[in-house]
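>
Residue numbers (the UniProt record's numbering): 1 to 684.
This is the structure:
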């Protein structure tokens, strides 16, 4: 059991080991006003920056809360062992040449294991990382420059990449950074564990994660649960490819359920907002720092240009953003303040008639912010300070602030170009509780993400994900007849059918079942491509002739009753993700699976409500609802069938590698569904 990280991330004493990097750590702590003790450890020097040097760990006056170990990789292990033995609070391991360098250094993996063993129950960060910056207490285990300033409260950002952390530290967007941490190789302590620790600091308002690969799913679940409890939102910028490329390729499911889609589904399940760029992360954190999650995405927008109003309107297309119409009571005060020539709408182009007029702008903004919108945006790109006079722009800022104060509404000022939001203005707006957004897309992403977190938090806390562990043994393929039998036992509806060995037996079976029938060749993964499926056979001779044609490629035959014409064809699949465990895929099915690319991921275990919501996101759901006057599909029966497949996968979670039920014919409402083809790959 690893000890808590409190001493490491909020130290009162810091030991530093090494040369140049260690000196930089001391410089940064002094520069930022660290009030605790700093103890340099060096075998030869007597002092560094006026501080006494200690010859070894054993000579330190007390076990340090935090240590920066900036020596070579072999010596790092020895020092970590010494610190652990004296009950030190934790350490940053700066050195590289561990698991990240295995392609160049064959002993890198062994050394990383030795490092973790040397640490024992003492927390370590790294190796191959810069460390951490705590701007709340001025404690920096950080061997380089940075762009941060002391803070009394703010957000925490955690990343595996030291260079990304350096870049983030230089932001000029007005975002108050409380903590900036790097995790490097995550040999022992990963991003999720670090995030759990900083979340407990009452001065931290929100957390941002830059994730290259999930470290530990159980710790991530614990982080998400604690974030709910503390009402402190967490967002993630998840990048990179699969943590372990162990996907099979025999089914359509594998082609649909890429790692990125699984990552999104996991984060959504946990109530962790996902963004897709560093600018979006920083802008979202600004919003969350001031306001936290948002109840919905009903927003207003005002600008003094039709072009800007159009940009705002167009940027909402394809997003969960709603420019709700103005309320009747907003119209008179808007008309009075803006005049007769302004079209009153949302987004609103208020023209330049009130430009530079504090009283009339305040009245207009107050009327807009009185509409009960979740967020009220004013588009305002500031002029260059070195060449222009920004007085009139500051009048608009003052009007926004005054209107927000008068109404108690949430407000943001949006620069359409990120560089047109000067840092001093951004800082001033943050002080006034107004979000200074750099970029239109980033502003709308922030609002969407904040609302998604709130939506997740209003739902019941999800059950833990099914364990990703799997039994040893060879994976075997269960072709259609066996797969359908296993699924039918769990409640998946399948057609009446019979397995036979010869064309004559196929003809006889068809007569027993009743025409029309479907004939399929067994032992073939993709029967349509192999010519091993024939539909709508209406007499025994046709069945016999069809079976004879596919006899050379099939190991036997499956004769089934012909399913009625469906409203829609659906695929229900499952695959095993190395981190999230087994997950379901639901999408438009049949022969056009990859072409339509209409699918969604369900993490397990799931619920009927989650299944219904996921189906509702699919494009094919329009068919299920009765597209253009057509008959509606039996959506309730489909939900039950998805739940049955989920139950099968959950029950066989340690064995199942892949399930592919495609297509599932969704019949008209009240007529049910029928799974007409299936494959399963599982370990024995």
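Idealized CB from N, CA, C, for every residue including glycine.
First and last residue of the beta strand (DSSP E) that includes residue 412?
Here the beta strand (DSSP E) through residue 412 covers 411–415.
> Determine the direct distance from the alpha carbon of residue 201 to that of residue 4, and round the result to whole angstroms.
Using only the alpha carbons, I get a separation of about 13 Å.
> Are the region 105–123 and the region 133–141 in contact at 8 Å, needing three or more beta carbon pairs?
Too few Cβ pairs lie closer than 8 Å, so no.
> Need the endpoints of the alpha helix (DSSP H) that residue 496 sits in, please.
Premise fails: residue 496 is in no alpha helix (DSSP H) and is neither H nor E.
> Going by C-alpha distance, which of 478, 466, 479, 307 is nearest residue 651?
That would be 466, whose Cα lies nearest to the Cα of residue 651.
> Identify the continuous alpha helix (DSSP H) that holds residue 503 and give its terminal residues.
From DSSP, the alpha helix (DSSP H) with residue 503 extends over 503–513.
> Just verifying my parser: in three-state terms, what is the DSSP assignment at residue 653?
Coil.
> Can you list the beta strand (DSSP E) stretches of 3 or more residues lying completely in the region 276–328, in chain order?
Listed in chain order, they are 299–303.
> Taking the alpha helix (DSSP H) that residue 166 falls in, what are its first and last residues?
Per DSSP, residue 166 belongs to the alpha helix (DSSP H) from 162–169.
> Give me the Cα-Cα distance between residue 248 and residue 573, rounded to the nearest whole angstrom.
Because residue 248 sits at a pLDDT of 32, beneath the cut-off of 50, its placement in the model cannot be relied upon, and the following sentence gives the value as read from the coordinates. Answer to the nearest angstrom: the Cα atoms are 13 Å apart.
> Whose C-beta lies closer than 7 Å to the C-beta of residue 503 among residues of the same chain, with five residues either side of it excluded?
So the qualifying residues of the chain are 544, 547, 548, 551.
> Tell me which residues share the same chain as residue 674 and place their Cβ nearer than 6 Å to its Cβ, disregarding the 5 neighbours each side in the sequence.
Closer than 6 Å at Cβ, skipping near neighbours: 493, 495, 563, 665.
> Is the region 45–65 in contact with the region 95–102, if contact means three or more CB pairs nearer than 8 Å?
With a cut-off of 8 Å, the region 95–102 and the region 45–65 do not count as touching, because too few Cβ pairs lie within range.
> Which partner residues does residue 93 have in the DSSP bridge list?
Answer by DSSP bridge pairing, in chain order: 69.
> Could you check the C-alpha separation between residue 241 and residue 260 for me, to the nearest Å?
Reliability fails at residue 241, whose pLDDT of 46 lies under 50, so the model's placement of it is uncertain and the value that follows must be treated cautiously. Using only the alpha carbons, I get a separation of about 7 Å.
> What is the residue span of the alpha helix (DSSP H) that residue 6 lies within?
6–9 is the extent of the alpha helix (DSSP H) around residue 6.
> DSSP state of residue 676, grouped into three classes?
Reduced to three states, the DSSP call for residue 676 is coil.
> Does the beta-carbon of residue 463 have 16 or more other beta-carbons within 10 angstroms, so that it is buried, or is it exposed?
Burial call: exposed.
> Which ranges would you report for the alpha helix (DSSP H) in the region 323–381 if only whole runs of at least 4 residues count?
Correct list: 331–338, 358–369.
> Have a look at the DSSP bridge pairing and note the partners of residue 429.
Partner(s): none; residue 429 has no beta bridge.
> With 16 as the cutoff for other CB atoms within 10 Å, does residue 685 come out buried or exposed?
Past the boundaries of the shown model lies residue 685; the chain is included only from 1 to 684, so the question cannot be answered.
> What residue does the alpha helix (DSSP H) around residue 436 start on, and which one ends it?
That residue, residue 436, is in no alpha helix (DSSP H); its beta strand (DSSP E) goes 435–438.
> Using 10 angstroms around the beta-carbon of residue 18, count the other beta-carbons present and answer buried if the total reaches 16, otherwise exposed.
So residue 18 ends up on the buried side.
> How many Å lie between residue 565 and residue 671 at the Cα?
Each residue's Cα considered, the two are about 11 Å apart.
> Residue 313 to residue 302, Cα distance in whole Å?
Straight-line Cα distance between these residues: approximately 11 Å.
> How would you write the range of the beta strand (DSSP E) that residue 601 sits in, first residue to last?
Looking at the DSSP string, the run of the beta strand (DSSP E) that includes residue 601 is 599–603.
> With residue 170 and residue 132 assumed to form a contact (beta carbons below 8 Å), what rounded beta-carbon distance in angstroms separates them?
With a Cβ gap of about 17 Å, residue 170 and residue 132 do not count as contacting.
> Which whole-angstrom value is the C-beta distance of residue 315 and residue 444, which I expect to be below 8 Å?
So it is a contact: roughly 6 Å between Cβ atoms.
> Which runs of the beta strand (DSSP E) fall wholly inside the region 162–243 and span at least 3 residues, in chain order?
Runs found: 177–182, 204–211, 234–238.
> With respect to 7 Å, is the separation between the Cβ of residue 173 and the closest non-hydrogen atom of the ligand SAH below this value?
Among the ligands in the structure shown, none appear at all, so the ligand SAH cannot be discussed.
> Write down every uninterrupted run of the beta strand (DSSP E) in the region 74–157 whose length is 3 residues or greater and which is fully enclosed by it, in chain order.
With a minimum length of 3 residues, the continuous beta strand (DSSP E) runs that stay inside the region 74–157 are 91–93, 132–134, 139–141.
> Drop a sphere of 10 angstroms on the beta-carbon of residue 290, count the other beta-carbons inside from all chains shown, and report buried for 16 or more, exposed for fewer.
It is buried - the Cβ of residue 290 has at least 16 other Cβ atoms within 10 Å.
> Sort 398, 23, 195 by Cα distance to residue 214 and report the nearest one.
The residue with the shortest Cα to Cα distance from residue 214 is 195.
> Compute the distance between the beta-carbons of residue 280 and residue 330, then report whether it is under 8 Å.
Not closer than 8 Å, so no.
> Does the beta-carbon of residue 276 have 16 or more other beta-carbons within 10 angstroms, so that it is buried, or is it exposed?
That one is exposed.
> Going straight from the alpha carbon of residue 66 to that of residue 172, what length do you get?
The straight-line gap from Cα to Cα measures roughly 29 Å.
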